[in-house]
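So in the numbering used here, the last one in the sequence shown is 313, and the numbering has no gaps at all. The beta carbon of each residue, even a glycine, is placed where N, CA and C say it ideally should be. Let me begin by presenting the structure, written as structure tokens, before commenting on it.
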Amino acid sequence: MGMKQVIKNLDAFPRAEDHLLQKTQSGALVSVIGLVIMATLFVHELGYYLTTYTVHQMSVDLKRGETLPIHINMTFPSLPCDVLSVDAIDMSGKHEVDLDTNIWKLRLNSYGNIVGTEYISDLVEKEHTHHKHDDNKDHEHSEQKIHLQNLDESTENIIKKVKEALQNGEGCRVYGVLDVQRVAGNFHISVHGLNIYVAQMIFDGAKNVNVSHVIHDLSFGPKYPGLHNPLDDTTRILHDTSGTFKYYIKVVPTEYRYISKEVLPTNQFSVSEYYSPINQFDRTWPGMLDRWMYRLIEALTKSKSKR
């Protein structure tokens, strides 16, 4: 007996009988159906294994001394960059005017195309070197005379430039990051940086300031999967009127934990929106104002694999 025959005799699974090897259409159909079911189950189980779900946990926020990044990306189709300023103030008294360190301004034509870049508004900066915040009316009256008398040629040229930009339908896109303290406060994008008398010369009244805007992005930190920022892609357009848009925001610090244990610190927020129209007798100037408040609650969001 040869070695080959010895090995065949050790086979625990002898060959099937010949009548079991006959090919039929019904047998082929059963085989195909079986393969489809097995492939479907494999794909489903593999997807179920790789899919993650989110677990939300709440705890007291014990962090102090950190700054809050505010990412903004907005378009003002009816206001030139020269008159727009980004100001921030918080309850601790810190007041920053016409922030430009991480803020960029893109000049837009009437079709929304970029025609130039403004790093800082020369007109706003110039006016703030002279402008003082004082509630005394006599002081304002004397300051008015000083400003009207001290308008130099460069300021007059800029005023003419702004008027031409308004006539041409020029707009502005403001984007960048504001780093503010983690306390209640507000930031606003408006023409408030201008001296009121210069603004009057440009717009001929607050009712002519069109603060229509599109919020492309407003967030308080990096994004993570599933995060929804309620003000993204918000459009507010005014026609033949003016006013102030106010957004009251409540920010909740958030930590997103990946499966790899990496932690992404960010923030979520909710918002309430108000609009205050301005009539010809109002002395205030329109703008867009965001107030933020912090709750001392931290939401820890974890991502885990399903098994």
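- According to the DSSP assignment, isoleucine 243 belongs to no beta strand (DSSP E), since it is labelled neither H nor E.
- Taking the CA atoms as reference points, histidine 234 sits about 33 Å from aspartate 246.
- Proximity to glycine 211 across Tyr254, Trp291, Thr30 peaks at Trp291, based on C-alpha coordinates.
- Across the structure, alanine 34 and isoleucine 43 are spaced so that their CA atoms are roughly 14 Å apart.
- Fully contained in the region 169-239 are the following beta strand (DSSP E) runs of length 3 or more, in chain order: 177-187, 191-196, 219-225.
- Within the region 255-282, there are no complete alpha helix (DSSP H) runs of at least 4 residues.
- Ranked by how close their Cα comes to the Cα of glycine 177, the residues Glu23, Pro83, Ile265 have Pro83 in first place.
- By the 16-neighbour rule on beta-carbons within 10 angstroms, glycine 8 is exposed.
- In this model, threonine 81 and tyrosine 181 are separated by some 9 Å (Cα to Cα).
- The region 190-205 makes no contact with the region 223-231, as fewer than three CB pairs between them are under 8 Å.
- When rounded, the separation of the alpha-carbon atoms in threonine 240 and alanine 45 is 45 Å.
- Here the alpha carbon of phenylalanine 209 sits roughly 20 Å from the alpha carbon of lysine 111.
- Secondary structure of asparagine 285 (DSSP, three-state): coil.
- Tyrosine 55 and tyrosine 262 have their alpha carbons spaced roughly 21 Å apart.
- The three-state secondary structure of glutamine 63, taken from DSSP, is strand.
- In this structure, the beta-carbon distance from isoleucine 284 to glycine 249 falls below 8 Å.
- Among the bridge pairs identified by DSSP, proline 75 is matched with Asp185.
- Bounds of the alpha helix (DSSP H) holding serine 32 are 31-56.
- Straight-line spacing of the CA atoms in aspartate 24 and isoleucine 265 works out to 55 Å.
- It is roughly 40 Å from the alpha-carbon of threonine 60 to the alpha-carbon of serine 91.
- Excluding five sequence positions before and after tyrosine 254, the CB atoms of its chain that fall closer than 6 Å to its own CB belong to Ser278, Arg297, given in chain order.
- In the structure shown, threonine 161 falls within a helical segment according to DSSP collapsed to helix, strand and coil.
- In terms of Cα proximity to glycine 175, the closest of Arg188, Tyr117, Ile95, Phe251 is Tyr117.
- The three-state secondary structure of leucine 27, taken from DSSP, is helix.
- Where valine 12 is concerned, there is no enclosing beta strand (DSSP E), although the alpha helix (DSSP H) around it starts and stops at 9-15.
- The Cβ atoms of leucine 68 and asparagine 216 lie no closer than 8 Å to each other.
- Counting the other Cβ atoms within 10 Å of the Cβ of phenylalanine 48 gives fewer than 16, which makes it exposed.
- One alpha carbon belongs to valine 38, the other to lysine 29, and they sit about 13 Å apart.
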